[in-house]
Amino acid sequence: MLSRSSIIFVCFGMLARAATVTYDFNITWVTANPDGVFIRPVMGINGQGPIPYITATVGDRVVVNVLNQLGNASTSLHFHGLYMNGTSHMDGPVGVTQCSIPPGITFTYNFTVDQPGTYWYHSHEPGQYPDGLRGPMIITDPNSPYRGSYDEERILTISDWYHEQFPTMVKKFISVSNPTGAEPVPKAALFNDTQNLTTLVQPGKTYMFRIINMGAFASQYFWIEGHNMQIVEVDGIYTQEAAADMIYLTAAQRYSVLVTTKNDTSANFAYVASMDEDLFDKAPRSLNPNVTGWLVYDSSANLPKPALLDAFEPFDDFTLVPTDGEPLLPDPDYYVPLTVLMMNLGDGANYASFNSIPYTMPKVPTLYSALTTGEEANNPAIYGTNSNAFVLEKNQIVDIIVNNNDPGKHPFHLHGHNFQAIVRSDDDAGNYIGNETFPTIPMRRDTFMVRPNGNIVLRFRADNPDKSPPFPPSIPPLS
Ligand SMILES: *[C@@H]1O[C@H](CO)[C@@H](O)[C@H](O)[C@H]1NC(C)=O
Ligand SMILES: *[C@@H]1O[C@H](CO)[C@@H](O)[C@H](O)[C@H]1NC(C)=O
Ligand SMILES: *[C@@H]1O[C@H](CO)[C@@H](O)[C@H](O)[C@H]1NC(C)=O
Ligand SMILES: *[C@@H]1O[C@H](CO)[C@@H](O)[C@H](O)[C@H]1NC(C)=O
Ligand SMILES: *[C@@H]1O[C@H](CO)[C@@H](O)[C@H](O)[C@H]1NC(C)=O
Ligand SMILES: *[C@@H]1O[C@H](CO)[C@@H](O)[C@H](O)[C@H]1NC(C)=O
Ligand SMILES: *[C@@H]1O[C@H](CO)[C@@H](O)[C@H](O)[C@H]1NC(C)=O
Ligand SMILES: *[C@@H]1O[C@H](CO)[C@@H](O)[C@H](O)[C@H]1NC(C)=O
Ligand SMILES: *[C@@H]1O[C@H](CO)[C@@H](O)[C@H](O)[C@H]1NC(C)=O
Numbered sequence: 002m003l004s005r006s007s008i009i010f011v012c013f014g015m016l017a018r019a020a021t022v023t024y025d026f027n028i029t030w031v032t033a034n035p036d037g038v039f040i041r042p043v044m045g046i047n048g049q050g051p052i053p054y055i056t057a058t059v060g061d062r063v064v065v066n067v068l069n070q071l072g073n074a075s076t077s078l079h080f081h082g083l084y085m086n087g088t089s090h091m092d093g094p095v096g097v098t099q100c101s102i103p104p105g106i107t108f109t110y111n112f113t114v115d116q117p118g119t120y121w122y123h124s125h126e127p128g129q130y131p132d133g134l135r136g137p138m139i140i141t142d143p144n145s146p147y148r149g150s151y152d153e154e155r156i157l158t159i160s161d162w163y164h165e166q167f168p169t170m171v172k173k174f175i176s177v178s179n180p181t182g183a184e185p186v187p188k189a190a191l192f193n194d195t196q197n198l199t200t201l202v203q204p205g206k207t208y209m210f211r212i213i214n215m216g217a218f219a220s221q222y223f224w225i226e227g228h229n230m231q232i233v234e235v236d237g238i239y240t241q242e243a244a245a246d247m248i249y250l251t252a253a254q255r256y257s258v259l260v261t262t263k264n265d266t267s268a269n270f271a272y273v274a275s276m277d278e279d280l281f282d283k284a285p286r287s288l289n290p291n292v293t294g295w296l297v298y299d300s301s302a303n304l305p306k307p308a309l310l311d312a313f314e315p316f317d318d319f320t321l322v323p324t325d326g327e328p329l330l331p332d333p334d335y336y337v338p339l340t341v342l343m344m345n346l347g348d349g350a351n352y353a354s355f356n357s358i359p360y361t362m363p364k365v366p367t368l369y370s371a372l373t374t375g376e377e378a379n380n381p382a383i384y385g386t387n388s389n390a391f392v393l394e395k396n397q398i399v400d401i402i403v404n405n406n407d408p409g410k411h412p413f414h415l416h417g418h419n420f421q422a423i424v425r426s427d428d429d430a431g432n433y434i435g436n437e438t439f440p441t442i443p444m445r446r447d448t449f450m451v452r453p454n455g456n457i458v459l460r461f462r463a464d465n466p467d468k469s470p471p472f473p474p475s476i477p478p479l480s
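If you use our numbering, the sequence shown corresponds to residues 2 to 480, in order.
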């Protein structure tokens, strides 16, 4: 259901080709059995689950016509990592930039993409995407600094998998019967929504693997036996080549890595993802946290079991250097201090909070309030006392300081921007006290992990104002 129409236009003397890529997505329930032990209903698109990939080229307009035919659930789509520059009303989070798409209703996402790289798209209705509405979104780049450095691309998704449906699980998770807030433990890990994936490779070639953790909860260690990886992209930002034996991906993080195959085709090699069990309060003995795939040089040769490792030593993403060399942004104009704390509220259930405020979705999406309240839009209180609103001025430099007062690892994602990751403390460093020296060319990405009882500082420029059409749109008179 993909159509592509192209127009050629001349832009500042350069010949540019901008296409419109259109997807018609009919979202319905289908069934799937990705781990081979449990058939269950999942949310699919056009009768397909796992759902289709979205691909486009830098500069393209992407139009996604969503028809919600789930019957018993509302939905929305978010395009993770895309800045939606000027079109924040197309970003997808329910309660922030739009209302849910109710059953039977169509919503059209329509935006241009001016950034290359590896992204993913997923439902942004609370707690919904792990039930199937999650898939890769790849923006190809004719001007990639790594064009010519590899022969072929392979997309690889990693995810955790549950047997129970999320609405039921979330009810048990946030409840008086789970006062410690222990997160539901996945039943399995998956590659490309399956297991025992075989990837045919040819000798003496370089492949670029675009690796996406589109899981609900589990971070994943990833490695390839007998092969080294050269990291070249994180979350849409090209990096100087960095050699890694193992990488660590929190939910929502992406890496592109170059892998050069051997000249010898006599053996096949396992690649493995292993869920970070530090995240699980109590995992059942029966849980296999690992999923295996193989680089297959010879289909008639055996698929060796991966060796068991004693310890995980992943590459430290804080050390990556963007190829564009963007220097440290100037000192901030504004600080957003956020203390992460899990707390038990009056109902006995455990909630995550920023600054002791657990999020409550506003009845009116935040963006709609901003666009309809005139001068009052500058008053954070209008967005709801439990939405933790901070009002920024255009082009301010902002430091988000995340102090993790919880013994768990937590990934943070910023919509509409990437950020310079300028501080990441070790475990148990406590709150940020401001004595760090910042990198001169900081690593940038859109999802970053804070360590247990540690802190991170994320710096960005507030340069993505909404340019929505006049709001509310003119409403035709009732007849
Ligand atoms: C959407 O999919 C459902 C289930 O396959 C089908 O009944 C319905 O006709 C489809 N609608 C459209 C507009 O394609
Ligand atoms: C993958 O292989 C393992 C080991 O043989 C097996 O236990 C598992 O069920 C397989 N997974 C699937 C989805 O077939
Ligand atoms: C919605 O329908 C699907 C498919 O029949 C079912 O599996 C699911 O449990 C239902 N969800 C709710 C919240 O009733
Ligand atoms: C998408 O937006 C562009 C720019 O506003 C507009 O010209 C085009 O008609 C829209 N396409 C759809 C399918 O709504
Ligand atoms: C994952 O699945 C996609 C879609 O089938 C395929 O194009 C890709 O090559 C697979 N990735 C690997 C590493 O095998
Ligand atoms: C594979 O063969 C090519 C061409 O002969 C050579 O340049 C390369 O170094 C060899 N690679 C390895 C890993 O030995
Ligand atoms: C999963 O892989 C890790 C790393 O190799 C290993 O330590 C662990 O024993 C494996 N677990 C299972 C159940 O195979
Ligand atoms: C900052 O201060 C803390 C607490 O005194 C200390 O542990 C840490 O090493 C200091 N960091 C730097 C970069 O000096
Ligand atoms: C959005 O576009 C404006 C105008 O081109 C640019 O100045 C700004 O940096 C962009 N912001 C993002 C987040 O891409």
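For each residue, glycine too, the CB sits at the ideal point set by N, CA and C. Bear in mind that the values here come from a model prediction, so they are computed numbers and not experimental data.
Own chain, CB closer than 7 Å to residue 393, minus 5 neighbours either side, in chain order: 335, 399, 463
Residue list, Cβ distance to ligand 7 heavy atoms smaller than 5 Å: 275, 289, 291, 309, 310
Name the residue from 453, 275, 94, 83 whose alpha carbon lies nearest to the alpha carbon of residue 311. 275
State the start and end residues of the unbroken alpha helix (DSSP H) segment that holds residue 168. 167 to 174
Have a look at residue 466 and residue 395 and give me their C-alpha separation to the nearest angstrom. 7 Å
Please say whether residue 353 and residue 341 have beta carbons closer to each other than 9 Å? yes
Per DSSP, the bridge partner or partners of residue 109: 66
Give the C-beta separation of residue 308 and residue 226 to the nearest angstrom, bearing in mind that I take them to be a contact with Cβ-Cβ under 8 Å. 7 Å
Shorter than 8 Å, the distance from the beta carbon of residue 116 to the closest heavy atom of ligand 2, or not? no
Bridge-paired residues (DSSP) for residue 223: 248, 274
May I ask you to list the residues that DSSP assigns as paired with residue 385? Residue 385 is not bridged to any residue.
Buried or exposed: where does residue 286 fall if 16 or more other Cβ atoms within 10 Å of its Cβ makes it buried? exposed
What separation, rounded to the nearest whole angstrom, lies between the Cα atoms of residue 21 and residue 59? 11 Å
Short check: CB of residue 257 to CB of residue 273, under 9 Å? no
Report yes if the CB atom of residue 450 is closer than 9 Å to the CB atom of residue 420, and no otherwise. no
Would you report the Cα separation of residue 200 and residue 212, rounded to the nearest angstrom? 14 Å
If you run the structure through DSSP and keep just helix, strand and coil, what is residue 127? coil
Top-ranked residue by Cα proximity to residue 337, from 269, 357, 459: 459
Do we get a CB-CB distance below 9 Å when we pair residue 455 with the residues of chain B? Of the protein chains in the structure, only one exists, and it is not chain B.
Suppose you measure from the CA of residue 364 to the CA of residue 260; what does that come to, to the nearest Å? 48 Å
Assigned secondary structure, residue 80 (DSSP; H/G/I helix, E/B strand, else coil): strand
For residue 127 and residue 95, what's the separation of their Cα atoms in angstroms? 8 Å
Nearest to residue 252 (by Cα), restricted to the options 30, 49, 123, 166: 123
Take residue 330 and list the residues in its own chain whose beta-carbon comes closer than 8 Å to its own, dropping the five residues that flank it on each side. 398, 421, 460, 461, 462
Is residue 62 near ligand 4, in the sense that its beta carbon is under 8 Å from a heavy atom of that ligand? yes
Close beta carbons around residue 223, own chain, < 6 Å, minus the five adjacent residues each side: 248, 274
Let me check you understand the geometry: is the CB of residue 50 closer than 8 Å to at least one non-hydrogen atom of ligand 2? no
Among 409, 40, 405, 54, whose alpha-carbon lies nearest the alpha-carbon of residue 215? 54
Does ligand 2 have a heavy atom nearer than 8 Å to the CB of residue 361? no
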